Amino acid sequence: MPDEKDEDIDVGDIPEPELHKIMEKYGFSDYHGIGDIIGHSKGGYFYDSTTTAQTINWLRCKGQPLNDQHKPWFLAVNLVNPHDVMFIDTDKEGEKVQWRGELDQDDNTLAPTQPPENELYQASWPNYPLPANRHQSFNEQGRPPAHLEYQTARAALEGQFPDEDRRWRKLLDYYFNCIRDCDTHLDRILNELDALKLTDKTIVVFTADHGELGGSHQMHGKGASVYKEQIHVPMIISHPAYPGNKKCQALTCHLDIAPTLVGLTGLPEEKQHQALGNRKGVNFSGLLKNPEGVAVNAVRNASLYCYGMILYTDAHYLHRVIALQRDKQKTVAQIKQEISHLHPDFSHRSGTRMINDGRYKFARYFSLREHNTPETWEDLIKYNDLELYDLKNDPDENHNLAADKQKYQDLILTMNEKLNKIIKDEIGVDDGSFMPDAAHEPWDLTIEQFNRMAKD
Numbered sequence: 001m002p003d004e005k006d007e008d009i010d011v012g013d014i015p016e017p018e019l020h021k022i023m024e025k026y027g028f029s030d031y032h033g034i035g036d037i038i039g040h041s042k043g044g045y046f047y048d049s050t051t052t053a054q055t056i057n058w059l060r061c062k063g064q065p066l067n068d069q070h071k072p073w074f075l076a077v078n079l080v081n082p083h084d085v086m087f088i089d090t091d092k093e094g095e096k097v098q099w100r101g102e103l104d105q106d107d108n109t110l111a112p113t114q115p116p117e118n119e120l121y122q123a124s125w126p127n128y129p130l131p132a133n134r135h136q137s138f139n140e141q142g143r144p145p146a147h148l149e150y151q152t153a154r155a156a157l158e159g160q161f162p163d164e165d166r167r168w169r170k171l172l173d174y175y176f177n178c179i180r181d182c183d184t185h186l187d188r189i190l191n192e193l194d195a196l197k198l199t200d201k202t203i204v205v206f207t208a209d210h211g212e213l214g215g216s217h218q219m220h221g222k223g224a225s226v227y228k229e230q231i232h233v234p235m236i237i238s239h240p241a242y243p244g245n246k247k248c249q250a251l252t253c254h255l256d257i258a259p260t261l262v263g264l265t266g267l268p269e270e271k272q273h274q275a276l277g278n279r280k281g282v283n284f285s286g287l288l289k290n291p292e293g294v295a296v297n298a299v300r301n302a303s304l305y306c307y308g309m310i311l312y313t314d315a316h317y318l319h320r321v322i323a324l325q326r327d328k329q330k331t332v333a334q335i336k337q338e339i340s341h342l343h344p345d346f347s348h349r350s351g352t353r354m355i356n357d358g359r360y361k362f363a364r365y366f367s368l369r370e371h372n373t374p375e376t377w378e379d380l381i382k383y384n385d386l387e388l389y390d391l392k393n394d395p396d397e398n399h400n401l402a403a404d405k406q407k408y409q410d411l412i413l414t415m416n417e418k419l420n421k422i423i424k425d426e427i428g429v430d431d432g433s434f435m436p437d438a439a440h441e442p443w444d445l446t447i448e449q450f451n452r453m454a455k456d
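Counting with UniProt numbering, you get residues 1 to 456 for the letters of the sequence shown.
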């Protein structure tokens, strides 16, 4: 078995029997990881059906027998789609504007791809309005440079396309159809619960890790931004003891998922605390009794969002590495040698800390070499690019109030203080210690390390 201390070990490198033992320690008794075969251009399209089949198999072989024995169970089902939208090629047939290389139609690479040629994926939704702010300039006053840096870096992987409505429409059509495809698999799973007579005994929780910018603010994918299209994700709970079709405006965050799942077990509070230990987050399962009758801050005063994706930090570096990897005139040894001498520039302010208190959204963008929790106005503006949005009067986040620092200085300082507090409460010391040591020195990165970083 590989050395567990080796930071470069991936789950796909560990023999399955040993992997099962490791995963058991983390509560995954029947781990069926497909691994990185899902990380290509059509991972959801090709493999969500496999995950769904595994889910149905588990429900039949394990879930129903456990229910018959009056034993509770927990099943985590992780579908890929709508993530396939990341790889959309918006060019028309015969065009080579977004992507000049070969397209990937068989899920063998990370190159852009055209939607599958079937009825579901060829559907279009012309009556759905395109984002009104899709043409917003990256050079607009107050807009953090991180937005353009991310979008330029992403172009190294998937190409960049002109700001044209037909391309935004194609992207959104593909996104919606990826969601529809995902829905077909959810239907199969829910129908299986019905068939096994488990529906009225099962709590179903549906959520996602991130959204899709989908043309909003002239952006796509997910990266160094705090716009709602990227970070406001579904949280749906179906509980047989409560009526459905209710909405709730209370602020929550992903830290709250674990305490809420434990809360849904109905265990005494003492046992819940034992199960959770010192984990952060709030149990919001009590909202199910009256979800529509609670205030925005019923669960928490604010939610925290953190971002620090090394891959997209330096667009110039990423373009150079990708160009070398695709250079067919060089040997593998030459490519490895040249990549090892390329160094990303961590001075770009791509790291993000954001707080949403229900009324305002405030964000700091900083260099990953300069993590900071500024307590003075001078430090705040010295080390950070700022965003501040009034969510009541500007729900689409079009007007960055922090562009006028003097006018909104008091509000900025108030939100900055709130951000520092929630970081202290939920993170502790936010000093960038998770970063590679080499981030503070020239970074000699092997091609294997780069590929691992890109994959993660």
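Beta carbons are placed, not taken as given, at the ideal position from N, Cα and C, and that holds for glycine. Everything numeric in this text was worked out from a predicted model, so none of it was measured.
Would the beta-carbon of residue i fall within 8 Å of that of residue j?
i: H219; j: Q151; result: For the record, residue 219 in the displayed sequence is Met; it is not His. Cβ atoms of M219 and Q151: closer than 8 Å.
i: D396; j: N133; result: yes
i: I237; j: I189; result: no
i: D181; j: L120; result: yes
i: residue 504; j: C178; result: Past the edges of the chain, shown from 1 to 456, lies residue 504, and the structure says nothing about it.
i: N420; j: T373; result: yes
i: L172; j: G221; result: no
i: N67; j: L198; result: yes
i: H319; j: E149; result: no
i: L59; j: L196; result: yes
i: R169; j: L130; result: yes
i: N400; j: R143; result: yes
i: P116; j: Y45; result: yes
i: T313; j: S340; result: no
Could you check how far apart the C-beta atoms of residue i and residue j are, in whole angstroms? I think they sit under 8 Å.
i: T352; j: A224; result: 6 Å
i: L79; j: H185; result: 6 Å
i: V282; j: V299; result: 5 Å
i: Q98; j: D91; result: 5 Å
i: Y408; j: L388; result: 6 Å
i: C253; j: L304; result: 7 Å
i: A250; j: F206; result: At roughly 17 Å, the Cβ-Cβ gap does not stay under 8 Å, so A250 and F206 are not in contact.
i: F346; j: I355; result: F346 to I355, Cβ: 24 Å. No contact.
i: G211; j: V233; result: 6 Å
i: A315; j: A153; result: 4 Å
i: L386; j: A402; result: 4 Å
Nearest to residue i by CA position, among the options, is which residue?
i: D48; options: H147, K21 and D187; result: D187
i: R359; options: N297, I339, K407 and R166; result: N297
i: D430; options: L368, H70 and V332; result: L368
i: D425; options: R279, A295, I56 and T113; result: R279
i: H217; options: V226, D209 and H210; result: V226
i: P126; options: F161, A153, Y174 and R154; result: Y174
i: Y307; options: E24, W58, R364 and A208; result: R364
i: E375; options: L401, L413 and H348; result: L413
i: Q114; options: Q136, L130, I88 and E95; result: I88
i: A208; options: H83, L66, Q272 and L172; result: H83
i: G432; options: E149, M309, E95 and T55; result: M309
i: Y31; options: G43, K42, S41 and E18; result: E18
i: G244; options: L287, E270 and Q337; result: L287
i: H343; options: Y317, D327 and A403; result: Y317
i: G266; options: L255, H239, E370 and H210; result: H239
i: A156; options: Q141, S41 and A323; result: A323
i: P72; options: E378, M415, K328 and K201; result: K201
i: A76; options: Q69, P162, I257 and N393; result: I257
i: E192; options: T55, H371, D13 and K405; result: T55
Under a three-way DSSP split, which group does residue i fall into?
i: R320; result: helix
i: L388; result: strand
i: P436; result: coil
i: A302; result: coil
i: T331; result: coil
i: A363; result: strand
i: T313; result: coil
i: G293; result: helix
i: residue 520; result: Residue 520 cannot be examined here, being either before or after the span of the chain that is shown, 1 to 456.
i: R100; result: coil
i: residue 464; result: Absent from the structure is residue 464, since the part of the chain shown begins at 1 and ends at 456.
i: I427; result: coil
i: T113; result: strand
i: T376; result: coil
i: T414; result: helix
i: N393; result: coil
i: N356; result: strand
i: G351; result: strand
i: D3; result: Confidence in D3 is poor, its pLDDT being 44 and thus under 50, which makes the residue's placement unreliable; the coordinate value appears in the next sentence. DSSP places D3 in coil when its eight states are reduced to three.
i: L267; result: coil
Taking 7 Å as the line, does the beta carbon of residue i fall inside it for any heavy atom of the ligand NAP?
i: A224; result: What this structure holds is no ligand at all, so the ligand NAP is not there to describe.
### Query
Can you list, in chain order, the stretches of the beta strand (DSSP E) that have 3 or more residues and sit fully within the region 120-184?
Within the region 120-184, complete beta strand (DSSP E) segments of at least 3 residues are not found at all.
### Message
My parser needs the alpha helix (DSSP H) runs of 4 or more residues fully inside the region 191-259; what are they?
### Response
Correct list: 228-231.
#### Entry: Unbroken stretches of the beta strand (DSSP E), 3 residues or longer, contained in the region 14-85
The region 14-85 contains no whole beta strand (DSSP E) run of 3 or more residues.
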